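FYI, in the working numbering the residues of the sequence shown are 29 to 503.
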Amino acid sequence: MNSEFQLALPRQFQENLISKKWESLVNQEFQGNWQFPDQEITTQDVPVKIKNISLKVKTHLEKPSLQNQQTVLQLTSKNLEAQLTIGEVSVDHIVERVVGGIIGRFRIQASCKNVVMTMIPGKGSMSMAVAPSVGSTNAAALVQSVDVGWAPGSWSSTGIQCEGVEGFADLLKTEIDKIANDSVSFIQPKKDLIRKYVQDYLQDIKLDFSSPRQLIVSRPDISVLMKVDEYKDQGEAGALIKGHLQIDFLNTKDSEVKNLVLTPGTAPMSSGEAQIILPKDFIKEVLLKAYSANAWLHKITSDKLPGFGSLMSSRFMQFFVWPALRDYSKSTKFLFDVYSNKDMEIQGGGLQYQAKANFYARMQAPRSGQYVPFVNWSVPFNSKINLKVENGKASATLVNPSLGMTPYYDASYVAKYSPNRRILYGTIRDKIISGIWGQTMTMEIPKIPLMEGVSLKVKKVLAPNNQDITLQLTP
């Protein structure tokens, strides 16, 4: 079965999700090893080449936060560590000089190799501006800008070794000192490249709605996948996510795939709360599939069966109603396997339904440390069912139930134990009916998994007659 859905997330929900996802930046160390192109500068009319430049950074980023009306996160470094490496700073140049009327050409060579400078703790800083970039199925981190800076005297080195023509080696050291003391001149030409490096680093930091999410349901034979087809940012109105639920009933032999669609023009209510909208027949169709012929089996112990407890507690009643029970202690728990070989019939909509089914129950009794077949029951059932949803739980109340009960002793049990086979099943039926009238059954509703580590639970259901079902959600 496939079912369309629409999920509306108010602006505040989006901001909370983005903050939660990007907080992962705080919990891990940010590292960068940025390689820069070789460059050439001219000083004192001499070209100086700077090769194999790299900047390693390591830091933790301060916790991101979004203020009201703000969508850009300003992240700042904490305890920035950095290492600046220059493979070589060199000059190799022919200089012409006139000496005594003669033009002389002199080759000047000097170089400083393997220059490594380490940032003094607390002397540097790094910051970045990050904003959400909304796509069709995800919201990723878009790096708008990155700033790296340091004050003069922020670097230490073990000593810069240079060799070459006297005077020119000192010139190269001067250029290295400029880099160490003027972060603006060094970083500014490289800002776009640094921003790209950071963007690549953050490529996995995103709200990815495209991956199918498994809903955890109480029945292992039912699988529910939530798939997003479209994510639309509506500005201050929040986000609208459209997709479909893929529901597989693993025990159902019917291969027909039913597609449930939303009413054309369906839109979320303007409530300021997160909500998911499902087709109006969603509940009924899921129940019909879940309780189709031979697709389910419920195990019930006798102590959980309304009305049965009073029968077990009275030997006097057992004598007249079901003598074979006197072979067992009053605390005995019988086991019932309840199933049906016919489809359940369900009428109604919204939160009120009429259910009709023909159940079968295989009753088993404990004998010699194991359960053995005891009595088989045919149980025609008819009842109105009122549904209610509150704080992540669904409750179903049975109203005006009717029940038929026809027992059949298991042949193997009769052959081995020769029980008194008299059962006044009408009396048992009346006790069970009085026990289940108004009985409310409660179960957990699967949470809506938005992304890794973030789920929403159903708070309330709005299901007007003949309209699509709106579920209000809460974290």
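Every residue, glycine too, gets a C-beta built ideally from N, C-alpha and C.
Here the structure is a predicted model, which means the values were calculated and not measured.
Mapping DSSP to helix, strand and coil, what is residue i?
i      : result
Ser213 : helix
Leu353 : helix
Thr291 : coil
Gly192 : strand
Glu90  : coil
Tyr319 : coil
Gln227 : helix
Lys444 : helix
Gly128 : coil
Glu472 : strand
Asp198 : helix
Asn96  : Any reading at Asn96 needs caution, since the residue's pLDDT is 49, under 50, leaving its predicted position unreliable; the model's value is listed next. Correct three-state label for Asn96: coil.
Gly152 : strand
Phe362 : coil
Lys332 : helix
Met391 : strand
Glu32  : strand
Mind checking whether residue i and residue j have CB atoms under 9 Å apart?
i      : j      : result
Thr196 : Ile136 : Reading the sequence as shown, one finds Phe at residue 196 and not Thr. It is a contact, given that the beta carbons lie within the stated cut-off.
Asn322 : Ser251 : no
Gln500 : Val482 : no
Met29  : Asp276 : yes
Leu363 : Ala36  : no
Leu306 : Ser31  : yes
Ser182 : Ala208 : yes
Phe152 : Ser82  : It is Gly, not Phe, that sits at residue 152 in the sequence shown. The answer is no: Cβ separation not under 9 Å.
Leu484 : Leu490 : no
Leu103 : Glu90  : yes
Leu112 : Met154 : no
Val85  : Val123 : no
Lys141 : Val174 : no
Asp365 : Ala385 : no
Asn404 : Tyr445 : no
Lys260 : Asp282 : no
Val117 : Leu200 : yes
Lys308 : Gly378 : yes
Leu230 : Pro240 : no
Could you tell me which of the options sits nearest to residue i, measuring between CA atoms?
i      : options                           : result
Lys312 : Gly271, Glu373, Val212 and Arg354 : Glu373
Lys224 : Val171, Gly132, Trp350 and Asn279 : Val171
Val119 : Glu194, Pro477, Arg125 and Asn107 : Glu194
Pro474 : Thr87, Leu243, Gln274 and Gly266  : Leu243
Pro447 : Phe347, Gly420, Lys361 and Gln111 : Phe347
Gly335 : Gly454, Thr87 and Gly128          : Gly454
Gln467 : Ser330, Gly432, Asn414 and Ala439 : Asn414
Asp458 : Ser338, Leu278 and Ser184         : Ser338
Ala352 : Lys421, Arg449 and Leu288         : Arg449
Glu472 : Gln274, Asn419 and Thr291         : Asn419
Tyr441 : Phe402, Leu431 and Ile461         : Phe402
Phe310 : Asn80, Lys327, Val245 and Leu288  : Leu288
Asn279 : Glu264, Thr291 and Arg247         : Arg247
Phe33  : Lys206, Glu258, Gln216 and Ser213 : Glu258
Pro503 : Asp496, Leu221 and Lys488         : Lys488
For residue i, count neighbouring Cβ atoms within 10 angstroms of its own Cβ and tell me buried if that reaches 16, exposed if not.
i      : result
Tyr319 : buried
Thr70  : exposed
Val126 : exposed
Gln97  : Since pLDDT at Gln97 reaches only 49, below the 50 mark, its modelled position is unreliable, and the value read off the structure follows with that caveat. The residue in question, Gln97, is exposed, as its Cβ has fewer than 16 Cβ neighbours within 10 Å.
Ser411 : buried
Ser423 : exposed
Thr498 : buried
Pro296 : buried
Ser105 : buried
Thr87  : buried
Gly293 : exposed
Ala439 : exposed
Pro38  : buried
Can you tell me the Cβ-Cβ gap for residue i and residue j, rounded? I've got them flagged as a contact below 8 Å.
i      : j      : result
Lys286 : His272 : That pair is no contact at about 12 Å.
Ile465 : Pro429 : Correcting the residue identity first, residue 465 is Trp in this sequence and not Ile. Sure, about 6 Å apart at Cβ, within 8 Å.
Thr360 : Met340 : 7 Å
Ser139 : Gly177 : About 28 Å separates the two Cβ atoms, so there is no contact after all.
Thr434 : Ser406 : 4 Å
Ile114 : Ile78  : 6 Å
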